[in-house]
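S.K.: What follows is a single structure, and I will ask about it in a moment.
Residue numbers (the UniProt record's numbering): 1 to 131.
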């Protein structure tokens, strides 16, 4: 529990590391993290009408539920998947410093949270095109 308290007290560090991860991952890309957003938007625009008609529900209502579900599922899935490997990925830093271990988990959480916020840009487009 002390490890978690210490990691939360060092919030500036894991926020900076998480943001640096987002910038580093997409540094050489023209659209940056919006590639993920565009990919998710295309997936939703293809799946929404198809599944809306298959389930005989209103396409407008279904697409909004699908959009929110896909955004949150991508966040949860990526957070869990990346959290599993973060200790191996950060092994050299862990061995050389006495930083709390929860700091690395919070770093992953913040990185995925920022990507989820980028994906929220899809919601106004869904609202606009379904109304």
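Each residue gets a CB set at the ideal place from its N, CA and C atoms; glycine is no exception.
Bear in mind the structure is a predicted one, so any value in this text is a computation, not a measurement.
Taking just the CA atoms, how far does residue 94 sit from residue 36?
M.R.: 30 Å
S.K.: Below 8 Å CB to CB, which residues in the same chain sit around residue 87 once its five sequence neighbours on both sides are set aside?
M.R.: Within the same chain, 94, 101, 104 come within 8 Å of residue 87 by CB-CB distance, once the 5 residues on both sides are set aside.
S.K.: Going straight from the alpha carbon of residue 21 to that of residue 5, what length do you get?
M.R.: 23 Å
S.K.: Figure out for me which residue from 130, 41, 54 has the closest Cα to the Cα of residue 71.
M.R.: 41
S.K.: Indicate whether the contact test is met: 3 or more Cβ pairs, each with one atom in the segment 103-117 and one in the segment 6-18, closer than 8 Å.
M.R.: Flag = yes, the segment 103-117 and the segment 6-18 touch.
S.K.: Can you tell me which of the three DSSP states residue 64 falls into?
M.R.: In this structure, residue 64 counts as helix in the three-state DSSP scheme.
S.K.: When the Cα atoms are used, what is the spatial distance from residue 7 to residue 24?
M.R.: 22 Å
S.K.: For residue 126, which option in 61, 97, 84, 116 has the closest C-alpha, if you only look at C-alpha atoms?
M.R.: 61
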